[in-house]
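What follows is a short report on a single structure.
In this note's numbering, the protein residues as written are 1 to 323.
Following this line, the structure appears as structure tokens:
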């Protein structure tokens with residue numbers, strides 16, 4: 001099988017169509033000539049039938065193209081198409097550390113992240129299992145993988161911020177969830193994807209670097225989204241006196257990139273709400289879909305029938321007969 005046709009050897013029949021086209025063109029230059037027997041040429045024009053001119057070429061062209069398309073259909077054309085996967089799971093891990101309150105992204109990082117994540121989930125195939133993890137001082141599985149996407153969106157709405165950032169723990173937990181999902185389906189292979197969205201670096205728990213071999217061993221690629229800018233700030237009451245101090249919380253792009261690259265995933269950066277939506281949109285076009293070769297013979301047969309009907313219609317309209 002080739003990338004285009006199941007039986008490419010049948011395409012040699014296109015030479016028959018080419019031969020017919022060449023014969024048709026040749027006949028236009030070898031039409032029989034008749035001697036002029038009328039001395040009055042004006043009278044000849046009035047009694048001789050009008051030649052169909054270019055219209056006859058349109059009808060012939062439609063038939064020849066229809067024949068070529070039928071030959072292609074006989075070769076059984078195939079196309080690679082994206083179809084929703086029936087055995088895919090995606091685990092979305094969202095950073096809920098205090099730095100997500102920074103307003104360098106309007107209205108703030110966490111609210112923009114919530115909106116983009118829900119929009120992303122709404123566009124995923126219905127049969128895709130989606131799980132949700134939040135992580136601050138620890139990683140928590142808020143929603144196990146489920147096809148109830150509304151439940152996941154409701155949990156995203158309920159995210160609350162807390163101290164510290166545990167990217168390593170979140171990654172380890174996400175990989176475990178993917179593996180548990182496989183065991184829950186009679187051990188059959190489950191296509192799992194993990195998306196970790198964070199604006200910072202690991203400050204507690206398993207170091208991010210130590211989570212990389214765990215994901216690699218499980219064969220799970222981690223996609224990371226570094227979210228925010230280098231100018232992000234939050235107000236922190238460090239003394240407990242009710243007086244907050246402005247603290248810079250720049251995004252750590254390199255740590256998240258190392259996690260993605262170390263596991264065979266892809267690292268993204270997003271400094272605005274719009275760019276975050278764009279990242280999710282790109283992910284949504286690949287996650288949850290499989291590429292499969294589909295037999296599209298019916299499309300070619302349909303196109304050929306349309307061309308034949310068009311040719312028949314033109315012939316009836318212009319010449320009051322079927323060709």
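Each residue gets a CB set at the ideal place from its N, CA and C atoms; glycine is no exception.
Problem set entry | Whole-number beta carbon distance between residue 257 and residue 267, since they are thought to touch under 8 Å | So it is a contact: roughly 4 Å between Cβ atoms.
For this session: Determine the direct distance from the alpha carbon of residue 28 to that of residue 316, and round the result to whole angstroms.
Result: It is roughly 22 Å from the alpha-carbon of residue 316 to the alpha-carbon of residue 28.
For this session: Work out the CA separation of residue 24 and residue 69 for me, nearest whole Å.
Result: Going from the Cα of residue 69 to the Cα of residue 24 covers about 18 Å.
Problem set entry | Opposing strand residues paired with residue 110 [DSSP bridges] | The partner list for residue 110 (beta bridge, DSSP) is empty, contrary to what the question assumes.
Exercise. Is it the case that the Cβ atoms of residue 206 and residue 262 are separated by a distance below 8 Å?
Worked result: Residue 206 is not a Cβ neighbour of residue 262, given a cutoff of 8 Å.
Exercise. Less than 7 Å between the CB of residue 200 and some heavy atom of the ligand NAD, yes or no?
Worked result: Questions concerning the ligand NAD fall outside what the structure shown contains, since it holds no ligand whatsoever.
Exercise. What did DSSP end up calling residue 308 once you bin it into helix, strand or coil?
Worked result: Note: residue 308 maps to helix in three-state DSSP.
Exercise. How about residue 66 and residue 304: do their beta carbons lie closer than 8 Å?
Worked result: Contact: yes.
For this session: With a threshold of 16 other CB atoms inside 10 Å of the CB of residue 298, please say whether the residue is buried or exposed.
Result: Answer is exposed; the Cβ neighbour count stays below 16.
Problem set entry | residue 29 - DSSP class collapsed to helix/strand/coil | In the three-state DSSP reduction, residue 29 falls in the coil class, being neither helix nor strand.
Exercise. Quick one: any contact between the region 156 to 172 and the region 124 to 137, if contact means 3 or more CB pairs under 8 Å?
Worked result: Counting Cβ pairs under 8 Å, three or more are found: they touch.
Exercise. Going by DSSP, what residues sit across from residue 192 in a beta bridge?
Worked result: Answer is 89.
Exercise. Taking the alpha carbon of residue 200 as the point to measure from, which residue in 110, 22, 63 has its own alpha carbon closest?
Worked result: Just measuring C-alpha positions, the residue of 110, 22, 63 sitting nearest residue 200 is 110.
Exercise. Among residues of its own chain, excluding the 5 on either side of residue 230, which ones have a beta-carbon nearer than 6 Å to its beta-carbon?
Worked result: Here residue 230 has 250 as same chain residues with Cβ atoms under 6 Å from its own Cβ, once five neighbours each way along the sequence are excluded.
Exercise. Leaving out five residues before and five after residue 17 in sequence, what residues of the same chain have Cβ atoms less than 8 Å from its Cβ?
Worked result: Leaving aside the five residues that flank residue 17 on each side, the residues in its chain whose CB is nearer than 8 Å to its CB run, in chain order, 64, 67, 68, 71.
Exercise. From residue 174 to residue 88, what does the alpha carbon distance come to, in whole angstroms?
Worked result: Rounded to whole angstroms, residue 174 to residue 88 spans 14 Å at the Cα level.
Problem set entry | Inter-stretch contact at 8 Å, needing at least 3 Cβ pairs: the region 98 to 117 / the region 152 to 161 | Enough Cβ pairs lie closer than 8 Å, so yes.
Exercise. Pick from 118, 255, 310: whose alpha carbon is nearest that of residue 92?
Worked result: Closest option to residue 92, Cα to Cα, is 118.
Problem set entry | Cβ neighbours of residue 121 in the same chain (closer than 7 Å, five flanking residues each side left out) | By the criterion of a C-beta distance shorter than 7 Å, residue 121 is surrounded in its chain by 130, 149, 152, 153, once the five residues flanking it on both sides are discounted.
Problem set entry | For residue 106, the nearest candidate out of 296, 283, 274 (CA to CA) | When each option's Cα is compared against that of residue 106, the closest is 274.
For this session: Write down the C-beta distance between residue 102 and residue 232 rounded to the nearest angstrom, noting that I regard them as a contact closer than 8 Å.
Result: Contact holds; Cβ gap of about 4 Å.
For this session: Would you mind listing the alpha helix (DSSP H) stretches within the region 259 to 294 that are 4+ residues and don't spill past its ends, in chain order?
Result: 273 to 284, all fully within the region 259 to 294.
Problem set entry | Identity of the residue in 160, 196, 296 nearest residue 5 by Cα | Looking at the Cα atoms, 296 is the closest of the given residues.
Exercise. Leaving out five residues before and five after residue 90 in sequence, what residues of the same chain have Cβ atoms less than 6 Å from its Cβ?
Worked result: So the qualifying residues of the chain are 130, 193, 287.
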